[in-house]
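Structure, as structure tokens:
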Amino acid sequence: MSWSILRMLRENPEELKDSLRKRGMDESLVDRAVELDTLWRKLKRQVDEIRHIHNKLTQAIAKERDPQKKSSLVEEAKRLIREREELEKRLRDVEEERARVLLSLPNIVHPSVPVGPSDDYNVPIRFWGRPKVYIEHVELFKQQTARYGFNVEYEVIDWKPVGHADMLENVLRLGDTAKAAEVAGSRFYYLFDDLVWLDFALLLYAIDRLTSKGYRLVLPPYMLRHKAISSVIDLQTFEDAIYKVEGEDLYLIATAEHPLAALYMNEELFEDDLPVKLVGVSPCFRKEAGAGNRDLKGIFRVHQFHKVEQFVFAKPEESWQILEELISNAEELYQGLGIPYRVVNVASGELGLPAAKKYDLEAWMPAQGRYRELVSASNTTDWQSYRLNIRLVRRDMRREFVHTLNSTAIASTRTITAILENFQEPGGTVIIPKVLRKYLEPFEKAPKEVIEPASKRMVK
RNA sequence: GCCGGGGUCGCCUAGCCUGGUAGGGCGCCGGCCUGCUAAGCCGGUGGGGGACCACCCCGCGCGGGUUCAAAUCCCGCCCCCGGCGCCA
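One rule links them: number in our numbering = place in the first sequence (from 1) + 135.
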């Protein structure tokens, strides 16, 4: 059994360096890792040798009947222990440092990932839908489509769509971020009435579609121990995103991906039982510490939202095909809703340490004139499973690490922003996507076809 | 939260009292045997080091301690089961 990154570190460190370079990371980290690994192996050999001698002595003591000889053997053993302990301390120190360095290594960038430091280097690979483009945004739109060689059909509109934040607070008056800021802080929100129904309908829609495809429905823990959560994310994400519960070894999840990945921590999965396909639903809590002032208005970037998440444990030879399946599942959901989008192949510098490759699905936002991220689908290969110690057992009992993959299905608040912008009429009425109808129908007070602006509701 | 019982190889289980190389069953893989299958027999089936050979080290929920030697004795923690208490 071996971890792909350690194997590459020993067999082909140059290739590993290349992978770090693509991410804009310091490649000397690899030299440091090789150095520590070599030293560790050397010390391990020495310690094992002494342990072996000591074990032999111990066995001799057990058999020795002559008390005189016995006590001299015990003295000999004691002396050996002192010698051993010194080396063991060095081994422990090196081992600790080696583990720290190994765990700080990023996943190996897949050859198909575009190389570049920022999302400017993301490469759009597919477009879907007929975006509504405000007349003054046409140039902006072309920069996001034609520039990459795609001829995307669009509808020019001559009225300026209201941004989702204004829709929420002023046109529909179904959200209150000011009051939420007063009682909880910025990036929190109260949603009311129709938007709450919409939130739940979106979740049910995603759950319904994915369970129909054979994904197993899971309601996971919303908090995890440090050991579990730190095994599935990198340090930067931990610091930027994760809330800690005071006085307890518990952390709020930032996505269902975290508890779903941890579902099989320290367990073995048999080859014949893979792939394991899960669809989790949970609230997500995020500090957004690195976000600065970005998206401060509205509910696009918030500390708390609901999300339906796809998660798969897979055999290494099938994981790349499953990544395509995950993004394709997500695309089907947004096609069903009728939200125009593009799929981008995320550049090496924006992957995050766990992912070997990542697709984002970005929805067209008519008020902003930009494609914005709604979905992220990643193949993390064995980066998470190595840390979580989740192994794949082959038919002949050989062990490997499984591959893990994750993808958003629906993130409630972001999808609501896309609906508010894409399906608003000039008068402020929002048309509800038809696929959501069956998830609203059972409820007397839920909206069915449209969400009316506040002005119209007053008239009624 | 308190009291009691428990956690051993993928699964089940012995060993713990009385410290001295962790044994058996199931499952799985390979081989033998066999018209075929089954049964039977033999071997393998945790992690690491190593010319990846021989061989060696580590491993019994986690972490410490005692000892030449710990699954076994001692201390702390986690989890599971049962009872009591509390509770949406």
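From the three backbone atoms N, C-alpha and C, an ideal C-beta is built for every residue, glycine too. No experiment lies behind these values; they were computed from the predicted model shown.
- In this structure, DSSP gives K412 an extended state, which the three-state scheme calls strand.
- In the three-state reduction of the DSSP assignment, G487 falls in the coil class.
- Counting along the chain, S253 sits inside no beta strand (DSSP E), nor does DSSP assign it H or E at all.
- Boundaries of the alpha helix (DSSP H) around R145: 139-146.
- For A396, same chain residues with a beta-carbon under 6 Å away, outside a window of 5 residues either side, are V367, Q519, T539 in chain order.
- As for any beta strand (DSSP E) of minimum length 3 sitting wholly inside the region 310-359, the runs are 351-353, ordered along the chain.
- Around the beta carbon of V318, a 10 Å sphere encloses fewer than 16 other beta carbons of the protein chains shown; the residue is thus reported as exposed.
- CA-CA distance, M143 to K157, rounds to 16 Å.
- Note on the region 514-586: whole beta strand (DSSP E) runs with a minimum of 3 residues are 526-528, 534-536, 538-546, in chain order.
- Of the candidates D407, G487, P410, H361, H361 places its Cα closest to the Cα of P394.
- Inter-segment contact for the region 552-565 and the region 402-410 is absent: fewer than three beta-carbon pairs are separated by less than 8 Å.
- E290 carries a strand assignment under DSSP once its states are collapsed to helix, strand and coil.
- In the three-state DSSP reduction, M593 falls in the helix class (H, G or I).
- When secondary structure is reduced to three states using DSSP, A498 falls in the strand class.
- It is roughly 25 Å from the alpha-carbon of E290 to the alpha-carbon of L307.
- F276: not part of any beta strand (DSSP E); member of the alpha helix (DSSP H) spanning 273-279, first to last residue.
- For A397, no beta strand (DSSP E) run applies; the uninterrupted alpha helix (DSSP H) run containing it begins and ends at 392-397, by DSSP.
- The residue among K573, M532, T548 with its C-alpha nearest the C-alpha of F327 is T548.
- Residue state for I368 is assigned as coil, using DSSP reduced to three classes.
- If you draw a 10 Å sphere on the C-beta of L486, you find 16 or more other C-beta atoms in it, and that means buried.
- The continuous beta strand (DSSP E) containing H441 extends over residues 439-449.
- The beta carbons of Q470 and W263 sit closer together than 8 Å.
- Each residue's CA atom was taken as its position, placing K267 and H299 some 15 Å apart.
- Rounded to whole angstroms, the gap between the alpha carbons of E223 and V182 is 7 Å.
- Rounded to whole angstroms, the Cβ separation of P410 and E453 is 6 Å, and the two are in contact under 8 Å.
- Closest by C-alpha distance to P418, out of G425, K442, R592, is K442.
- Spatial neighbours of A581 in its own chain (CB-CB distance under 6 Å, excluding positions within 5 residues in sequence) are listed in chain order as W332, L575.
- In this structure V437 is in contact with F323, their Cβ atoms being roughly 7 Å apart against a cut-off of 8 Å.
- Within the region 157-227, no complete beta strand (DSSP E) segment of 3 residues or longer occurs.
- If you check the CB distance, L571 and Y256 do not come in under 8 Å.
- Taking C-beta atoms under 8 Å as the contact rule, N464 and A544 qualify, at a distance of about 7 Å.
- A distance of 8 Å or more separates the beta carbons of T515 and V414.
- With contacts defined as CB atoms closer than 8 Å, P241 and L155 qualify as a contacting pair.
- If the five residues before and after Y357 are omitted, its C-beta is found closer than 7 Å to the C-beta atoms of L387, I388, S417, P418, all from its own chain and listed in chain order.
- In the structure shown, V229 adopts helical secondary structure according to DSSP, grouped into three states.
- Here the alpha carbon of D517 sits roughly 10 Å from the alpha carbon of A449.
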